Every structure is written in structure tokens, then in C-alpha cells.
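Worksheet for the structure shown next.
Number of protein chains: 2
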Amino acid sequence: MQASRKRTIDGREIKAVVFDAYGTLYDVQSVEGAVEAAFPGRGSLITAIWRMKQLEYSWLVTLMERYEDFWSITLRSLEYTLRSLDLSAGGQLLEDVAASYLDLKPYDDVLECLGRLAPRQRVILSNGSPAMLSTLAAKSGLDTALDHILSVDEKRAFKPAPAAYMRVEEELGVSRGQVAFISSNGFDICGAKSFGFTVIRVARTIADNPRVPLTGTGLDERFFFSLMRGKAETLDNAADITVHSLAEIPDLLTSRKADG
Amino acid sequence: MQASRKRTIDGREIKAVVFDAYGTLYDVQSVEGAVEAAFPGRGSLITAIWRMKQLEYSWLVTLMERYEDFWSITLRSLEYTLRSLDLSAGGQLLEDVAASYLDLKPYDDVLECLGRLAPRQRVILSNGSPAMLSTLAAKSGLDTALDHILSVDEKRAFKPAPAAYMRVEEELGVSRGQVAFISSNGFDICGAKSFGFTVIRVARTIADNPRVPLTGTGLDERFFFSLMRGKAETLDNAADITVHSLAEIPDLLTSRKADG
Numbered sequence: 000m001q002a003s004r005k006r007t008i009d010g011r012e013i014k015a016v017v018f019d020a021y022g023t024l025y026d027v028q029s030v031e032g033a034v035e036a037a038f039p040g041r042g043s044l045i046t047a048i049w050r051m052k053q054l055e056y057s058w059l060v061t062l063m064e065r066y067e068d069f070w071s072i073t074l075r076s077l078e079y080t081l082r083s084l085d086l087s088a089g090g091q092l093l094e095d096v097a098a099s100y101l102d103l104k105p106y107d108d109v110l111e112c113l114g115r116l117a118p119r120q121r122v123i124l125s126n127g128s129p130a131m132l133s134t135l136a137a138k139s140g141l142d143t144a145l146d147h148i149l150s151v152d153e154k155r156a157f158k159p160a161p162a163a164y165m166r167v168e169e170e171l172g173v174s175r176g177q178v179a180f181i182s183s184n185g186f187d188i189c190g191a192k193s194f195g196f197t198v199i200r201v202a203r204t205i206a207d208n209p210r211v212p213l214t215g216t217g218l219d220e221r222f223f224f225s226l227m228r229g230k231a232e233t234l235d236n237a238a239d240i241t242v243h244s245l246a247e248i249p250d251l252l253t254s255r256k257a258d259g
Numbered sequence: 000m001q002a003s004r005k006r007t008i009d010g011r012e013i014k015a016v017v018f019d020a021y022g023t024l025y026d027v028q029s030v031e032g033a034v035e036a037a038f039p040g041r042g043s044l045i046t047a048i049w050r051m052k053q054l055e056y057s058w059l060v061t062l063m064e065r066y067e068d069f070w071s072i073t074l075r076s077l078e079y080t081l082r083s084l085d086l087s088a089g090g091q092l093l094e095d096v097a098a099s100y101l102d103l104k105p106y107d108d109v110l111e112c113l114g115r116l117a118p119r120q121r122v123i124l125s126n127g128s129p130a131m132l133s134t135l136a137a138k139s140g141l142d143t144a145l146d147h148i149l150s151v152d153e154k155r156a157f158k159p160a161p162a163a164y165m166r167v168e169e170e171l172g173v174s175r176g177q178v179a180f181i182s183s184n185g186f187d188i189c190g191a192k193s194f195g196f197t198v199i200r201v202a203r204t205i206a207d208n209p210r211v212p213l214t215g216t217g218l219d220e221r222f223f224f225s226l227m228r229g230k231a232e233t234l235d236n237a238a239d240i241t242v243h244s245l246a247e248i249p250d251l252l253t254s255r256k257a258d259g
């Protein structure tokens, strides 16, 4: 894990704390149990490919100006993944497995963080469709710890398109300079920073003890996933500051000038 | 390999045959030798991650409205890949390795196909920057077999954004209904079809004897790459027809009504 250049955040300016959902508040790897139950021996591999294709499809439909909501994207990317592995699933099994995205496990650091952020506005801005997000928040109990749950759906554009981030200004009546945005997803960090938010990256450890094998010795799919999705991007618009747990965030914002 | 529904192509309507470059005319896996020479034991893994990140970054900068040309994207994605593997490379080594994208190997079926397509216009439409493409075409000798080499660069948008495909109409003076577009890249196939071209998918075999391992038995990176990039996408706007070699294309277009 390389050190990022940490800058200061002036918490006095921040009126809303906006979180990405998938991968930031909720562990997308937690679908693996349901996937493994449906496709024994393939849970980990399907989980990894599915998530990467889910993101890819969200980008592609936005670029093609062929928006479909995130539930459709989630189904299509699962269908792709199964087909690529020569597995088949009828419509009902596909829906049943995809429903695991409605019941994700929140990370352990979420509730403490949200509790200590009040009375600032605590918000989700997610690619998820409104129905996916309301089900997810209710099942996980985070609904009571959040002030707003915003979906990009109304803009018919997924992150990191600027239109997606505009939802925050439009719904909350705050300017982008008054928003602290928290994400573990590299593309989301760049997009939010490019849009003008103050951005905090949470460096989630995706892989457990990933191996870095030499060619030919075999490669763990979690390691492959972590290579693709685990690091800060080498694009412009890096995060202002990196934390390793959401529990660090309330102190960052409450101190007048917090040096990370 | 699953059968795709084949439809007819009326070759009489087709005035320009437009090819994707990277992965369609040119084998992007052919950078592996140069990568392996620079990073022994890591050639195959770096090649796979680099290509996937290169595409991802092309989509992200377009979505963020932060366009950079494909040479910059190629450098940044290589830098990401090396960093993710805890490898480092100074600016010169980075440029030297990235230069392998200027010297890609054409697939074996390219020259025959291009030769037999004349007098129809034979065209490249590529994400590559104008400088990358002119170098590539000259080094590989394809420049003499092509009538036009078009880059998306002028539109400051990468495929599959509609703006990228507009280059063909603008430069060639043909309508989209008069264009046959050929690509092996799933996102490019969807984008071109969504734009209105007649689309031929060439099903390139990415992996040599890919293994489908059970979890825990290890995963070959070429297989992982082929899972992510080797299949037709499960989005709308599928190809009109699928071929397994470019050598099949001239006959498809010369017959008045060719059933695939």
C-alpha cells in the first residue's frame, strides 16, 4: 500500500457527507455465498467477473447513450459471466442470484462512522436503482442512519459521468464545495474529484493475502480482481486524502484543520 | 463457442468496410514479448491487466469529459498495471514498453482480406491517436492496403461513444447504412451497431487452451482475460453476423445476398 499525499480537509465547509454504496458501505464480495450455493465451485470466480462486467456495462451503456437501470445491468453482467463460463441459468435463477445484490453486508466500520457524523447530512449517492437501494438500506438497517439515499437513475447516466454527481447538488441544496464524498472505487474517486467534491478514498482490502505468482504458477481470482480494482487510479483527480477505515472520517471532519 | 444468429448482408449497399484496429487487425497480445523482456516472469500478466485498464481508462476519461489521447491512456494504464504489481518504471522505461503498441503484429488473415475487398474503401477507425496509427500502419505494412486511417481523436471521445463512429460519415462521405464495420471487441460491436453500422464480429481466439479451473486450483491470466474480453456482450445491439476469420468477409460482401 503506497502512501498517498495527504492534504488537509477543512471540516467547517462540509455540509453533506456523501458515500458511495457498492464497495464502500457495502461489501460486494458478500454475494459470494449465494453465488457459490447456486454454482458450486464457481462462487469466487463468478463474483469477481460479475462485478467487473457490471461496472463495464454501466460505463458502456452510458457512453452509448443506451441507459438501462442498474438492476438490468446487474442481470446482464451476471448473464455474461455465466455464459463466459459455459454455465447457463434461466430467468428465475438469474434473478435469484442477482437478488444477492439486494442483501449485501455492510462493512464493520459503517455504523460507527454514520453515527458520529450527525448532525451533518449523511447521504448515499449510488449507481443502484431506487428500488435496489431502498431494499438494500432497509435489509441492512442503514436506512435509519442515513438522511438521504440518492440514485443516479434519474439522470440516466452512471458514475463517473458528471451528471450522476449533480444529483447531490440538486437534491440537497448544497454546492459541490460543501460536499465530502467517500468511495473505495477508483473510477468514482476520479469522477467525484473531477466534478468538484472534496474526496476521501477508503482503501478497502479486497483480497485476503493475495499472492503475486510468477507466470504459469496459477492466479487467484481475488488477486486478479484486486489488481484491476484495488488500487488508486493513475488518472488525474486523485483523492484529497486516503483513510483505511470509515471510522477515521468523523475526526477528519470535526477538527477545524485536520492534517491527515 | 456458441452459434450466433446469422442474418444476411446485402453487399450491394456497402461502400466502405471499416475495421477496428486493436484486437481486430492487430494482435494486442503481441506486446507480450516486449513486456516480458522488460519485466521477466510478468509478461503475460502485465499484458492482460494493461489491456483491460487501457480500455477502462478510455471509457472513464470519456465519461468524465476529461479526454486524453490514446497514447496518454496507454502510458497511464501501463503505469497503473506496474504499480498494482509493486513494480516501478521510470518515464523512459514506461515509454519504451508502451512503444510495443506501435509495433503490433497483424493477424494472419488481414492481408488477404484487405486485398480482396478492393475497390471498396478499406478503412481503419481506431481509438489510437493519429501518430500511433500512422506508425503502426507503416511498420506493419498495412498502410498500402488501406484507403483511410481514421482516429477518434478529433472527436475527443473514445468508442463506444456515438461521436467516435461519426468520424466515418464525416470523413468518407458515406451514410452509416453504407458501412460494414468489423471488430472483435464486444463493446465496439455494440457501439457500432447502436450507431447504425452493419456489424460483423470476428471471434478471435484470445486464449490458447484456456483452462476452466475450480476455485483454488489457480487461474491462468490469459483465461481470465478471455473471460472478460473474449465473448460477445450480453447487451443489446449484437453483431449482424459472426465470422471466425477475416478471410470470410470478402465473400460475404461480394455475394448479392450472402447467408452466413
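Chains as they are written, first to last, in numbering that gives the first Met the number 0: chain S, 0 to 259; chain U, 0 to 259. Ideal Cβ placement from N, Cα and C applies to all residues, glycine included. Here the structure is a predicted model, which means the values were calculated and not measured.
DSSP places residue 248 (chain S) within a helical segment (H, G or I) once states are collapsed to three. By the beta-carbon neighbour count (other beta carbons within 10 angstroms, threshold 16), residue 39 (chain S) is exposed. The beta-carbon of residue 193 (chain S) is placed less than 8 Å from the nearest beta-carbon of chain U.
Sequence-ordered contacts of the region 6-33 of chain S with chain U are nonexistent [C-beta pairs closer than 8 Å]. One finds 225, 226, 227, 229 and 230 in chain U with Cβ atoms closer than 9 Å to the Cβ of residue 83 (chain S), taken in chain order.
Cβ-Cβ separation between residue 103 (chain U) and residue 135 (chain U): approximately 6 Å, consistent with a contact (criterion under 8 Å).
Chain order gives the chain U residues near residue 186 (chain S) as 59, where near means a beta carbon separation below 7 Å.
Rounded to the nearest angstrom, the gap between the Cα atoms of residue 181 (chain U) and residue 200 (chain U) is 6 Å.
Contact annotation: the region 59-75 of chain U does not touch the region 164-180 of chain U, with fewer than three C-beta pairs closer than 8 Å. Residue pairing by DSSP places residue 125 (chain S) opposite S:150 in a beta bridge. Closest in C-alpha terms to residue 83 (chain S), from the list U:243, U:251, U:240 and U:227, comes U:227.
Using a Cβ distance threshold of 8 Å, residue 203 (chain S) and residue 183 (chain S) count as a contacting pair. Nearest CB-CB separation between residue 106 (chain S) and chain U: not below the 8 Å threshold. Look at residue 250 (chain U): its C-beta is not under 8 Å from any C-beta on chain S. Residue pairing of residue 120 (chain U) in beta bridges, as defined by DSSP: U:15. Apart from sequence neighbours up to five positions away, the residues of its chain that approach residue 29 (chain S) with a beta-carbon distance below 7 Å are 103 and 104, ordered along the chain. With respect to residue 150 (chain U), residue 118 (chain U) sits apart: the two C-beta atoms are not nearer than 8 Å. For residue 190 (chain S), the C-beta contacts it makes with chain U under 8 Å involve 59, 62 and 63, in order along the chain.
Not flagged as an interface residue toward chain U: residue 129 (chain S), since no C-beta distance is shorter than 8 Å. Under the three-state reduction of DSSP output, residue 233 (chain U) falls in the coil class, being neither helix nor strand. Sequence-ordered contacts of the region 233-247 of chain U with chain S read 233, 234, 235 and 236 [C-beta pairs closer than 9 Å].
Under the Cβ criterion of 8 Å, residue 164 (chain S) is not counted among the residues facing chain U. The beta carbons of residue 112 (chain S) and residue 248 (chain S) sit about 6 Å from each other, so the pair counts as a contact at 8 Å.
A direct Cα-to-Cα measurement between residue 242 (chain U) and residue 24 (chain S) gives close to 44 Å.
The C-beta of residue 79 (chain S) comes closer than 8 Å to at least one C-beta of chain U. In this chain, the beta strand (DSSP E) harbouring residue 201 (chain U) covers 197-201. Under the Cβ distance rule, residue 148 (chain U) does not count among the residues neighbouring chain S, no pair being separated by less than 8 Å. Beyond the five residues adjoining it in sequence on each side, residue 27 (chain U) comes within less than 6 Å, by CB distance, of 21 and 50 in the same chain, given in chain order. The C-beta of residue 11 (chain U) has fewer than 16 other C-beta atoms within 10 Å across all chains shown, which makes the residue exposed.
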